[in-house]
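Peer 1: Okay, here's the structure, questions in a sec.
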Amino acid sequence: MNAFVDVSFFPRAAKPLTSYRKYWAARFGTSRFLPMSRAEMEQLGWDSCDIVLVTGDAYVDHPSFGMAVIGRLLEAQGFRVGIIAQPDWHSAEPFKALGKPNLFWAVTAGNMDSMINRYTADRKIRSDDAYTPGAEGNRRPDHAAIVYSQRCREAFKDVPIVLGGIEGSLRRIAHYDYWSDKVRRSIVVDAKCDLLLYGNADRAIVEIAHRLAAREPVQKITDVRGTAFVRRSDDESAKWEGDGSAHGWFEIDSTSVDEPGRVEAHVNPYQTTSEQAAGQGGSCAQDEHRRKAQAPHGGVALQMLSIQELLAHNRRAQTANLA
Ligand code: B12
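Everything in the sequence shown is counted per the numbering used here, starting at 5 for the first residue and increasing by one.
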């Protein structure tokens, strides 16, 4: 059985992004735009890309475009990054446009989930796409992250696939899919990516790029915060040499975790401790004592009160003024 592992529980100190030794290709300098064709690569003097980004949006070199942020960040670490934007997904050919990536594929559906991008809440196809030149529709597939990952695998079988962006992030565990009205399994299983980086993946992707560049096998990279990957429970590499038990990971039985239980009443955020105690039929002795000891004269006492008590005091004062 496949076990889904979330390593985000592991405590790890964040390594400063500027502390890595730059990859040797830093000598090529900063490109005006990340190349999108062989001709553009040649202009930069590159024979290959270290990382090829595949995205469902047009390439806009602006910080509100996740793929541009990630691409420029990796470039600043010294890697040669190319972009394949909105490829024709019907065959693997367009995915070979920049050649075989030396280190890995970096795949994203784009700035939005491809299903949100393509359909309205009424499940009708959208007439336009804000992230495509001329706002033209139909330039990306449904479930783009899965389709692109499959095509990357077909194009160059042995290159690791690192998936990221909002579609991958929000679909990293079993989730309800509005369009098919079904609970879908993790996208990691369907995309068959080697690693999924969720959320703002900046730190994770920099660490992973340097580790892959140092020839660490992607299967061994199982300790980076904010990543998800699939391991088989009978995977030998996941076991201790000594007793054969699971090596540093465990399976969470979600049948009880997800069981619907008693719904707790919503807590009034403005409730004071005294009001809370009164609601339970008691009084807050500590509060009363503190108030008497520290503030025999009303007004001065406010400095010692908690913010909830201060708000409650103001409410009472306003009510008194209105009356
Ligand atoms: C700003 C914004 C807008 C602006 C966009 C302005 C602009 N021109 O860019 C406006 C107000 C126009 C807008 C509109 C809409 N938005 Co909006 N928007 C946002 C917001 C707040 C920030 C997006 C952003 O710029 N992020 C900065 C970039 C750099 O971050 P990022 O894309 O997430 O990228 C990071 C990671 O994802 C990751 N990453 C990205 N790519 C890759 C690739 C790889 C390989 C890896 C490893 C990692 C990786 O690393 C990146 C850097 O940290 C997000 C919420 C949020 N806080 O993220 C919602 C959000 C993206 N919007 C959303 C929605 C639904 C919409 C609308 C459809 C709303 C509507 N009903 O009309 C429209 C669609 C617009 C359109 N026509 O396409 C949803 C998308 C939900 C989803 N599952 O896809 C979000 C997530 C809000 C939400 N929680 O519901 N939006």
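Built from N, CA and C at the ideal position, the CB exists for glycine as well.
Does DSSP put R235 in a helix, a strand or coil?
Peer 2: Here R235 sits in strand by DSSP.
Peer 1: Between the C-alpha atoms of A208 and V228, what's the straight-line distance to the nearest angstrom?
Peer 2: The alpha-carbon atoms of A208 and V228 are separated by roughly 6 Å.
Peer 1: Please state the DSSP three-state secondary structure of H270.
Peer 2: If DSSP states are grouped into helix, strand and coil, H270 belongs with coil.
Peer 1: What do you get for P39, buried or exposed, if any count of 16 or more other CB atoms within 10 angstroms of its CB means buried?
Peer 2: Label assigned to P39: buried.
Peer 1: Skipping 5 residues on each side, what residues in its chain have a beta carbon closer than 8 Å to that of S131?
Peer 2: Here the set comprises G141.
Peer 1: Mapping the DSSP letters down to three states, classify K104 as helix, strand or coil.
Peer 2: K104: coil per DSSP, three-state reduction.
Peer 1: So for G141, helix, strand or coil by DSSP?
Peer 2: It is coil, neither helix nor strand.
Peer 1: I need the DSSP call for H66, collapsed to helix, strand or coil.
Peer 2: The answer is coil: DSSP assigns H66 none of H, G, I, E or B.
Peer 1: Got a sec, what are the start and stop residues for the beta strand (DSSP E) A218 sits in?
Peer 2: Taken as a continuous stretch (DSSP letters only), A218 belongs to no beta strand (DSSP E), as it is neither H nor E.
Peer 1: Terminal residues of the continuous alpha helix (DSSP H) containing L174?
Peer 2: 170-174 is the extent of the alpha helix (DSSP H) around L174.
Peer 1: Measuring CA to CA, which of T59, Q275, D239, Q280 is closest to K147?
Peer 2: The amino acid occupying residue 147 in the given sequence is His; Lys does not appear at that position. Checked all of T59, Q275, D239, Q280; the closest Cα to H147 is T59.
Peer 1: Give me the Cβ distance between C197 and V111, rounded to the nearest whole Å; I'm assuming they're in contact under 8 Å.
Peer 2: Contact flag correct, Cβ pair sits at about 7 Å.
Peer 1: Rank R189, G172, E211, V56 by C-alpha distance to the C-alpha of G103 and give the top, closest one.
Peer 2: Nearest of R189, G172, E211, V56 to G103, Cα basis: V56.
Peer 1: Indicate whether the contact test is met: 3 or more Cβ pairs, each with one atom in the stretch 105-123 and one in the stretch 65-84, closer than 8 Å.
Peer 2: Segments in contact, yes.
Peer 1: Under DSSP, the beta strand (DSSP E) around R84 begins and ends at which residues?
Peer 2: That residue, R84, is in no beta strand (DSSP E); it is neither H nor E in DSSP.
Peer 1: Going by C-alpha to C-alpha distance, which of V64, R236, A213 sits closest to R137?
Peer 2: For clarity, residue 137 is Pro in the given sequence; the question names Arg instead. Selected option, being the one with the closest Cα: V64.
Peer 1: Straight-line CA distance for Q81 to Y135?
Peer 2: C-alpha separation (whole angstroms): 27 Å.
Peer 1: Quick check: what's the CA-CA separation for P273 versus Q280?
Peer 2: P273 and Q280: Cα-Cα distance of roughly 11 Å.
Peer 1: Rounded C-beta distance between F108 and V163? I'm assuming under 8 Å.
Peer 2: So it is a contact: roughly 6 Å between Cβ atoms.
Peer 1: So what's K19 in DSSP terms, helix, strand or just coil?
Peer 2: Coil.
Peer 1: According to DSSP, simplified to helix, strand and coil, what is D206?
Peer 2: Three-state DSSP puts D206 in a helix.
Peer 1: Could you tell me if the beta carbon of I129 falls within a distance shorter than 7 Å of some heavy atom in ligand 1?
Peer 2: No; taking the cut-off as 7 Å, the Cβ of I129 has no heavy atom of ligand 1 nearer than that.
Peer 1: Can F83 and Y123 be called in contact, C-beta distance under 8 Å?
Peer 2: Cβ atoms of F83 and Y123: not closer than 8 Å.
Peer 1: Going by beta carbon distance, what residues of the same chain come within less than 6 Å of L199, once the five residues before and after it are set aside?
Peer 2: V166, T231, F233.
Peer 1: Can you say whether L216 is buried or exposed, counting buried as having 16 or more other CB atoms within 10 angstroms of its CB?
Peer 2: The residue is buried, with at least 16 neighbouring Cβ atoms inside 10 Å.
Peer 1: Between A18, V85, R127, which has its C-alpha nearest W183's C-alpha?
Peer 2: The residue with the shortest Cα to Cα distance from W183 is R127.
Peer 1: Would you mind working out which of A218, R236, I212 sits nearest I225, comparing C-alpha positions?
Peer 2: The candidate whose alpha carbon is nearest that of I225 is I212.
Peer 1: Using a threshold of 8 Å, state whether the C-beta atoms of G86 and M119 are closer than that.
Peer 2: In this structure, M119 does not lie closer than 8 Å to G86 by Cβ.
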